[in-house]
Amino acid sequence: KVALDFNEASGADNSNQLTITATDSESNAGSVTITITITDVVENADFSITSIDDDTVKENALFTSATPTLTGETPIGTIIYSLTGADATKFTIDPTTGVITANAAFDYETPASVATSNVYSLIITATDADQNSDTVNFTVTVTDEIETATFTIDTITPTETQEGNSFTSGTPKLSGEAPIGVVIWSLSGTDSAEFTIDPATGVVSSLAALEFDETIGADNSYQLTITATDADQNNDSAELPLSVIDTDALFQISGIEANTDVPENTSFSATATATDTVRGTIVWSIKGVDSSTFTIAENSGVITSNATFDFENPTDNGSDNSYNITIVGTDDNGAERVQVLAA
1279 KVALDFNEAS GADNSNQLTI TATDSESNAG SVTITITITD VVENADFSIT SIDDDTVKEN
1339 ALFTSATPTL TGETPIGTII YSLTGADATK FTIDPTTGVI TANAAFDYET PASVATSNVY
1399 SLIITATDAD QNSDTVNFTV TVTDEIETAT FTIDTITPTE TQEGNSFTSG TPKLSGEAPI
1459 GVVIWSLSGT DSAEFTIDPA TGVVSSLAAL EFDETIGADN SYQLTITATD ADQNNDSAEL
1519 PLSVIDTDAL FQISGIEANT DVPENTSFSA TATATDTVRG TIVWSIKGVD SSTFTIAENS
1579 GVITSNATFD FENPTDNGSD NSYNITIVGT DDNGAERVQV LAA
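For reference, each letter of the sequence shown is one residue, going 1279 to 1621 in my numbering.
As structure tokens, this is what we get:
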């Protein structure tokens, strides 16, 4: 004789059927069927989840946990495992075995936990048929693996800047394989103390205006090296060629007098030319308060008024018949010369 168990009843409706038969000496018999329905009684069972400790996994590898076990009293009926916790959506648990697997491999340099770290927090719960349960906190820590990435800094075009100007470089670019994690830019070289570099962008700036050194033997070139280093210490370096131009050695603007008289009812025309040391092609432009009254051909330097002048109806900024403009010549290296013109 044993006690009947609701969780182990043979019928789908938790019932057992018995047939009782009575037979006399003449073999006359009578039968009756008895149905015994087992009702559930909530039973307590004290058990604990064991054999699963905080774990680690290498980045780029899929994680699978150990199989948890239960100690203590025997659970009532079937155990169902479930998963909660801050980072539960990144994992899946087998409801029968309690084995946890990651939905995807993790990247150490791009942590995806709720805490934006490489530690993923989970809670494992084991629940039996009578809702007896136990929970355990569980963490998975992603460890770093040194990964190789081959990248290069794109060639940097040599730069010349006029003395007296501060210097700011362009933003360097990388080619090749994708760097691992965040790239940090650094600056070295003989003259690096006179400059600073933005570690996030690689843009180099001078700490002060640059001066042309007239000392014999001075080359007025700055020795700078920029280096890009990723999170796994893959890196590349490149020279940043920078030279300072002596302003006195630049081209001069001629052909335009600083003060020019123009009779009314006539138009103005003159040609700006570059002399002395000309680096490449000069591009001409005008600026100033009255620049809208004139037009300059950027290639030839020919400047003309847009209309004839009327002394009685001045259109200059001060309405005093004095038109002030600045003629600008820019060479291939970005060096400029200016000439102020009052017509």
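Using N, Cα and C, we set each Cβ at its ideal position, and we do this for glycine too.
Please look up how many angstroms separate the CB atoms of residue i and residue j, rounded, as I've assumed it's under 8 Å.
i: residue 1530; j: residue 1553; result: 5 Å
i: residue 1351; j: residue 1323; result: 4 Å
i: residue 1377; j: residue 1328; result: Their Cβ separation, rounded to whole angstroms, is 15 Å, which puts residue 1377 and residue 1328 out of contact at 8 Å.
i: residue 1629; j: residue 1563; result: The question about residue 1629 has no answer here: the residues shown for the chain are numbered 1279 through 1621.
i: residue 1466; j: residue 1430; result: Not confirmed; about 17 Å, so no contact.
i: residue 1434; j: residue 1450; result: 7 Å
Once DSSP output is grouped into helix, strand and coil, what is the label at residue i?
i: residue 1300; result: strand
i: residue 1590; result: coil
i: residue 1570; result: helix
i: residue 1368; result: helix
i: residue 1387; result: coil
i: residue 1307; result: strand
i: residue 1583; result: strand
i: residue 1393; result: coil
i: residue 1380; result: strand
i: residue 1470; result: helix
i: residue 1340; result: coil
i: residue 1414; result: strand
i: residue 1350; result: strand
i: residue 1335; result: strand
i: residue 1319; result: coil
i: residue 1447; result: coil
i: residue 1330; result: coil
i: residue 1398; result: strand
i: residue 1438; result: strand
i: residue 1360; result: strand
i: residue 1578; result: coil
i: residue 1427; result: coil
i: residue 1559; result: coil
i: residue 1458; result: coil
i: residue 1599; result: coil
i: residue 1604; result: strand
i: residue 1409; result: coil
i: residue 1345; result: coil
i: residue 1403; result: strand
i: residue 1374; result: coil
i: residue 1419; result: strand
Excluding the 5 residues flanking residue i on each side, which residues of the same chain have their C-beta closer than 6 Å to its C-beta?
i: residue 1297; result: 1309, 1311
i: residue 1373; result: 1358, 1359
i: residue 1428; result: 1454, 1455
i: residue 1332; result: 1417
i: residue 1577; result: none
i: residue 1375; result: 1345
i: residue 1444; result: 1484, 1487
i: residue 1413; result: 1401, 1403
i: residue 1580; result: 1549
i: residue 1574; result: 1562, 1564, 1581
i: residue 1468; result: 1501
i: residue 1384; result: 1337, 1420
i: residue 1371; result: 1359, 1361, 1378
i: residue 1479; result: 1449
Which residues in the same chain as residue i place their Cβ atom closer than 8 Å to its Cβ, once the five residues preceding and following it in sequence are excluded?
i: residue 1477; result: 1462, 1463, 1464
i: residue 1411; result: 1403, 1404, 1405
i: residue 1524; result: 1441, 1490, 1492, 1498
i: residue 1419; result: 1332, 1333, 1334, 1335, 1396, 1397, 1398
i: residue 1436; result: 1519, 1520, 1521
In chain order, what residues of the same chain lie with their CB nearer than 7 Å to the CB of residue i, ignoring the 5 residues before and after it?
i: residue 1363; result: 1399, 1400, 1401
i: residue 1368; result: 1380, 1381, 1390, 1398
i: residue 1365; result: 1391, 1392, 1398, 1399, 1400
i: residue 1313; result: 1293, 1295
i: residue 1532; result: 1551, 1553
i: residue 1494; result: Unreliable placement is indicated for residue 1494, whose pLDDT of 48 sits below 50; no coordinate value is reported for it.
i: residue 1470; result: 1502
i: residue 1616; result: 1604, 1605, 1606
i: residue 1542; result: 1587, 1588, 1589
i: residue 1566; result: 1602, 1603, 1604
i: residue 1300; result: 1307, 1308
i: residue 1592; result: 1598, 1599
Check whether the Cβ of residue i sits closer than 7 Å to any heavy atom of the ligand GTP, and report yes or no.
i: residue 1351; result: In the structure shown, the ligand GTP is absent, as is every other ligand, since no ligand is present at all.
- Decide yes or no for the touch test of the segment 1421 to 1439 against the segment 1333 to 1348: beta carbon pairs closer than 8 Å, at least 3 of them. yes
- Given 8 Å as the limit, is there contact between the segment 1504 to 1515 and the segment 1568 to 1577, that is, 3 or more CB pairs closer than that? no
- If we count Cβ pairs, one from each stretch, closer than 8 Å, do we get three or more for the segment 1354 to 1372 versus the segment 1396 to 1412? yes
- Message: Restricting to runs no shorter than 3 residues, where is the beta strand (DSSP E) found entirely within the segment 1479 to 1554?
- Response: 1482 to 1484, 1503 to 1507, 1513 to 1517, 1520 to 1523, 1530 to 1532, 1547 to 1549, 1551 to 1553
- Task: Inspect the CB distances between the segment 1390 to 1403 and the segment 1439 to 1446 and report whether three or more fall short of 8 Å.
- Result: no
- Message: Whether or not the segment 1585 to 1603 and the segment 1536 to 1547 are in contact is what I'm after, with contact meaning three or more pairs of Cβ atoms, one per stretch, closer than 8 Å; do they touch?
- Response: yes
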